């Protein structure tokens, strides 16, 4: 019957389940009949199209193609301390239009389903387990704006937590600043980590590189972050792509520190990463010395912890903003 076919379709394509026995809303006799007839559920949701491995640091980048032809990329980053972090995508393309981001330059194709999101992490997890390692962290920092696809992202995050054993605090949801989504995240029982892509500390400068700032200005965004912290008592991470001559000097650090102080953001950490190159943006990466001074200013003058982030997978365009 058509409704049974629809149920099976939902299990395979929405939930990523490929075992008839696990399709709990199908009658047992129907499941047994399918197996007796030799019916099988084909392979996986996504086809691996390309895999690249960084010769510098072992970072792995994969391009997956879904049945409709949509392509997304995901990344596995191995660290010397044993951590294995998967960076996964939540959309094919992105509609946020950040000028310095390769995905933002593409535009949005569509949301990914929860199963399509989950499978990116699950494949890395299975392969790590086969060689005696484990997936320790998952960051939603690949292609797309996670909070624009909230329902599917959180469904995938719950499966990553439940089925892959990645602790909720080791799952990071990143956003360009969708204030309403941050409010929903504050009420969600899954206690993931929130990261906000900030990159500039004045509205004029931020709007110039992040059009979303015209919808949710800094006052609105940081108000949502303050409310999130009041509700959850959790630290928030701010991401800062350091662009030479734009946002990488001591004055920029002071502007950021004053902004966080003004809006009552007390428990925050700033990740500062030199801009990674993309074809559609002419800005240059900040030098390491400037990044160090930026971080030290935030810590010494405002008590805000800040860390220069190590750039990984740059030789295969697997770094932040390059997918």
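Residue numbers (this note's numbering): 9 to 331.
Where a beta carbon is used, it is the ideal one built from N, C-alpha and C, also for glycine.
This structure is a prediction, so every number in the text was calculated from the model and none was measured.
{"Asked": "Residue 291 vs residue 254 beta-carbon contact at 8 Å", "Found": "yes"}
{"Asked": "Cβ shell of residue 119 (< 7 Å), same chain only, five flanking positions each side left out", "Found": "99, 157 and 160"}
{"Asked": "Local Cβ density within 10 Å of residue 10, reported as buried at 16 or more and exposed below that", "Found": "exposed"}
{"Asked": "Segments assigned beta strand (DSSP E), at least 3 residues, entirely inside the segment 52-101", "Found": "55-61, 68-73, 79-86 and 92-95"}
{"Asked": "Spatial distance of residue 109 from residue 217 (CA atoms)", "Found": "9 Å"}
{"Asked": "Own chain partners of residue 305 with C-beta closer than 8 Å, once the 5 adjacent residues on each side are dropped", "Found": "258, 261, 262 and 265"}
{"Asked": "Contact between the segment 65-79 and the segment 136-143 (3+ Cβ pairs under 8 Å)", "Found": "no"}
{"Asked": "Assigned exposure category for residue 182 - 16 Cβ within 10 Å defines buried", "Found": "buried"}
{"Asked": "Anticipated Cβ contact below 8 Å, residue 97 with residue 82, distance rounded", "Found": "6 Å"}
{"Asked": "Start-end ranges of the alpha helix (DSSP H) lying completely within the segment 184-211, minimum 4 residues", "Found": "187-195"}
{"Asked": "Reduced DSSP secondary structure (H/G/I, E/B, other) of residue 109", "Found": "coil"}
{"Asked": "Under 8 Å between C-beta atoms of residue 145 and residue 178", "Found": "yes"}
{"Asked": "Among 239, 211 and 242, nearest to residue 229 - alpha-carbon criterion", "Found": "211"}
{"Asked": "Exposed unless 16 or more other CB atoms sit within 10 angstroms - verdict on residue 188", "Found": "exposed"}
{"Asked": "Identity of the residues DSSP links to residue 248 by a beta bridge", "Found": "280"}
{"Asked": "Rounded Cβ spacing between residue 251 and residue 226 (contact assumed at less than 8 Å)", "Found": "Incorrect: roughly 18 Å between the Cβ atoms, too far for contact."}
{"Asked": "Residue closest to residue 313, alpha-carbon to alpha-carbon, out of 238, 293, 268 and 131", "Found": "268"}
{"Asked": "Inter-residue spacing [alpha-carbon to alpha-carbon] between residue 194 and residue 170", "Found": "20 Å"}
{"Asked": "Where residue 224 sits in the DSSP three-state scheme", "Found": "coil"}
{"Asked": "Cβ-based neighbour list, residue 143, same chain, cut-off 7 Å, excluding 5 preceding and 5 following", "Found": "92, 94, 129, 132, 133, 136, 172 and 174"}
{"Asked": "Whole-angstrom distance between residue 293 and residue 281, CA atom to CA atom", "Found": "9 Å"}
{"Asked": "Residue burial classification, residue 311 (beta-carbon count within 10 angstroms, cutoff 16)", "Found": "exposed"}
{"Asked": "Inter-residue CB distance, residue 215 and residue 184 (contact presumed, cutoff 8 Å)", "Found": "Not really, about 12 Å apart at Cβ, beyond 8 Å."}
{"Asked": "Minimum C-alpha distance to residue 124 - residue among 162, 295 and 53", "Found": "53"}
{"Asked": "Three-state secondary structure assigned by DSSP to residue 253", "Found": "coil"}
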